[in-house]
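One structure below.
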Amino acid sequence: GTPFVLRELSKPFDTLKHSGITGAVVESIETRLKEDILSELRELGGRVLLHREEYDLGSNQSRVIGYWENIQPESVKTPAEVHTAPYGIIPLIREGDALASNVDAIQYCKDEISISILPDDIILMIVGFLSAKDAVRVSVLSKGFQKLFTVIADVEANQENWRGVCDRILALPVLVTRIRRFSLKFEPLDEEHYIHVNKCICHVLNLGVMDLELRINGGEGYSLPSEVFTSKTVVKLNMGNGFVIDHLPRNALLPALETLNLHSVRFYSLGDCAFQALLFASPALKELCIHGMNRETWEWSGILCSQSLDRLSIERVFSEDYDGPPDDQITFATPYLTFLNYSDFVPAGCSAVHFDSLVEAKLDLHMVSNPQWDERFPHDTDLYCSNPAKLIKGIRHVKILELSSSFNFEALYFFRRAIPVFKICIN
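Residue numbers (this note's numbering): 1008 to 1434.
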C-alpha cells in the first residue's frame, strides 16, 4: 500500500523527528494507526478518507487534497506484518539515532538469528564483497560461514620459498578466501620473475589483504603492479627497498590506507609528481614513515601535502660527502599533524610550514656547507646553504621537543634569531 510517515498534527508537512525514539515506540504507533483505519472502515462502509500533497512549481506552494478510497480490511497491515521474516528484527529508523541497545543487539546476536540461516550461495555472495577484517567479524557470528570461508592470518614469502608460496596463493579461490597480512621479501628480484611475482601480488590484493609488505629490489626495470595503488582493503602498506615509483594510475585510490612505510623508495616524475599523487590517493592516511629519504635522488615537487596526516617520520641515510642541492625547497602542508620526527640535511629553505596542530617534534638537523664559501672572504657568501628558519618557527606550538643529536645546536646557533618562544613547551 501507500507508505506513510509520522507527523505532528500542528506541522502536517514536517516529518516527525525525535532524538532517541525507539523502534518499539514506532511499532506501537503503527499498530494504533492500523486499529484506527479498521475502525474507520467499519463506520464508513469500507471507505477511508485519504489525503495527498500536491506541489505547484509556479506558486511555490503546496496543498493537501482529500479523496475517498475503498479498502479491504485484510489489506491493512503494519510494516512488521508485511515484512515478516524468520529471524530477529532490530528496528532502526531514519527519524532517530541508533540506541545503545540496538548496537548491542547487532554485536551480540546469537547464531540462530545471524546469517547462518541463509543458503550457502547467498552467504558466499555477501562475503565476496568483504575485506579480511570484515570477513573475520562475520565468521564470529556465523558457524555456517566458518565452514564455507577461509581467513588466512599471515603469509610470508622470501627469496628462498617465494615460488612455492606464490603458487599456493594463486590456487586460492577469491570467492571463499581472505588473507589478512602478506609479506614478500625478494632482494634482488631477477627480471625473469617480474611477471610471476606481480601476478601473485595482484591475487593477494583480490583476496582482500589488509596489511601488505613488499620489500623488493627489482632494479630499474621493475614496477609494482598498478593494482597496489587501487586497493580498497589495504590499511597498512610497507614498501621497499630501492625500487622506483615513476607514475600512478589515473584511478589511483587507497580509501582504507592509514599507515604508509617507505624504505629507500625513490619517486620520479617532476611534472606530475608521483609522490604527491600517492598522498592525494590516500585520503585516510594517518601515519607516513619515510626511511632512507635521499631527496637528491628524487624527482618530485618538494611538496608534502596531506589533510589527514597525524604522524610523520622522515629519516635519511647520512653521507659525509653529500654537498646537497643548493636551491632545494620543501613545503610541509600538514595542518593536522601532531607528531613529527625529522632527521635530514636541512634544505635551502621551506617555502611553507603548516604545523598548527603539532604537539611533539623530534629533530636531527644537519647543516649543508656552502661550497662557494671562502674563509678569506667570510662576508661575501654564507657559510651554509641550508636555511632552517621557517622550520624552526613552524614548531613553536609544540609541547614536547626532542633534539636527538648535537648537530641541531649548529643549526640553532647560526639561526638563533629565528628561534621562537615556546610558550607551551613542557618537555
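Don't be surprised by glycine CBs; every beta carbon is placed ideally from N, CA and C.
Since the structure is predicted, the reported quantities are computational estimates derived from the model, not experimental observations.
First through last residue of the alpha helix (DSSP H) which encompasses residue i
i              : result
aspartate 1218 : Looking at the DSSP string, aspartate 1218 is not in any alpha helix (DSSP H); the run it does join, the beta strand (DSSP E), is 1218-1223.
leucine 1398   : 1396-1401
valine 1158    : Element bounds for valine 1158: not the alpha helix (DSSP H) but the beta strand (DSSP E), 1157-1164.
valine 1172    : 1169-1177
Cutoff 7 angstroms; reference residue i; Cβ partners in own chain excluding five residues on either side
i               : result
alanine 1263    : Lys1239, Thr1240, Val1241, Val1242 and Ala1291
asparagine 1077 : Gly1053 and Arg1054
histidine 1210  : Ile1176 and Leu1177
leucine 1365    : Leu1344, Thr1345, Leu1347, Ile1402, His1404 and Val1405
First and last residue of the uninterrupted beta strand (DSSP E) at residue i
i                  : result
leucine 1372       : 1367-1373
asparagine 1245    : 1243-1247
proline 1336       : Note that residue 1336 is glutamine in the sequence shown here, rather than proline. Here the beta strand (DSSP E) through glutamine 1336 covers 1336-1340.
isoleucine 1202    : Looking at the DSSP string, isoleucine 1202 is not in any beta strand (DSSP E); the run it does join, the alpha helix (DSSP H), is 1201-1213.
valine 1083        : No beta strand (DSSP E) contains valine 1083, which DSSP labels as neither H nor E.
glutamine 1079     : First-last for glutamine 1079: undefined, no H or E at that position.
phenylalanine 1282 : Phenylalanine 1282 -> not in any beta strand (DSSP E); alpha helix (DSSP H) instead, spanning 1281-1287.
arginine 1318      : 1318-1322
cysteine 1349      : Note that residue 1349 corresponds to tyrosine in the displayed sequence, not to cysteine. That run of the beta strand (DSSP E) goes 1346-1352.
leucine 1408       : 1407-1410
histidine 1298     : 1294-1298
lysine 1192        : 1184-1193
histidine 1270     : 1266-1270
leucine 1311       : 1310-1312
Nearest residue (CA-CA) to residue i, options the options
i               : options                               : result
glutamate 1306  : Lys1293, Gln1283, Trp1075 and Gly1299 : Gln1283
asparagine 1245 : Arg1257, Lys1192 and Ala1288          : Lys1192
leucine 1196    : Glu1034, Val1204 and Glu1417          : Val1204
glycine 1247    : Leu1261, Ser1233, Leu1219 and Arg1187 : Leu1219
threonine 1038  : Ile1159, Val1089, Leu1051 and Arg1070 : Val1089
serine 1082     : Leu1048, Arg1059, Ser1233 and Tyr1201 : Leu1048
asparagine 1165 : Phe1189, Ile1159 and Val1181          : Phe1189
Own chain residues within Cβ distance below 6 angstroms of residue i, not counting five before or after
i                  : result
threonine 1184     : Thr1157 and Leu1214
asparagine 1348    : Ser1320 and Lys1369
glycine 984        : There is no way to answer for residue 984, as the model of the chain reaches only from 1008 to 1434.
glycine 1225       : Leu1196 and Phe1250
phenylalanine 1384 : Caution is warranted here: a pLDDT of 46 is assigned to phenylalanine 1384, below 50, making its placement in the model unreliable, and the coordinate value is therefore given only provisionally. Excluding residues within five positions, none has a Cβ falling inside 6 angstroms.
cysteine 1296      : Asn1268 and Ser1320
valine 1071        : His1058 and Glu1060
arginine 1222      : Lys1192, Gly1247 and Asn1248
tyrosine 1420      : none
Whole-Å CB distance - residue i paired with residue j, under 8 angstroms assumed
i               : j                  : result
histidine 1298  : serine 1315        : No, histidine 1298 and serine 1315 are not in contact; Cβ-Cβ is about 21 angstroms, not under 8 angstroms.
valine 1235     : isoleucine 1186    : That pair is no contact at about 15 angstroms.
aspartate 1317  : threonine 1338     : That pair is no contact at about 19 angstroms.
isoleucine 1288 : leucine 1261       : The amino acid occupying residue 1288 in the given sequence is alanine; isoleucine does not appear at that position. So it is a contact: roughly 6 angstroms between Cβ atoms.
aspartate 1371  : phenylalanine 1414 : 7 angstroms
isoleucine 1310 : glutamate 1367     : The pair is not a contact, with the Cβ atoms about 23 angstroms apart (cut-off 8 angstroms).
leucine 1045    : proline 1080       : 6 angstroms
valine 1353     : valine 1375        : 7 angstroms
leucine 1255    : leucine 1285       : 6 angstroms
aspartate 1253  : methionine 1300    : Contact flag wrong, Cβ pair sits at about 17 angstroms.
arginine 1302   : aspartate 1335     : 6 angstroms
Chain-order list of residues whose beta-carbon lies under 8 angstroms from that of residue i (same chain, five-residue window excluded)
i               : result
leucine 1057    : Thr1009, Gly1073, Tyr1074, Trp1075 and Glu1076
glutamate 1265  : Val1242, Lys1243, Ala1291, Leu1292, Lys1293 and Glu1294
asparagine 1258 : Thr1237
Within 8 angstroms, do at least three Cβ pairs link the stretch 1226-1236 to the stretch 1165-1172? Touching, no.
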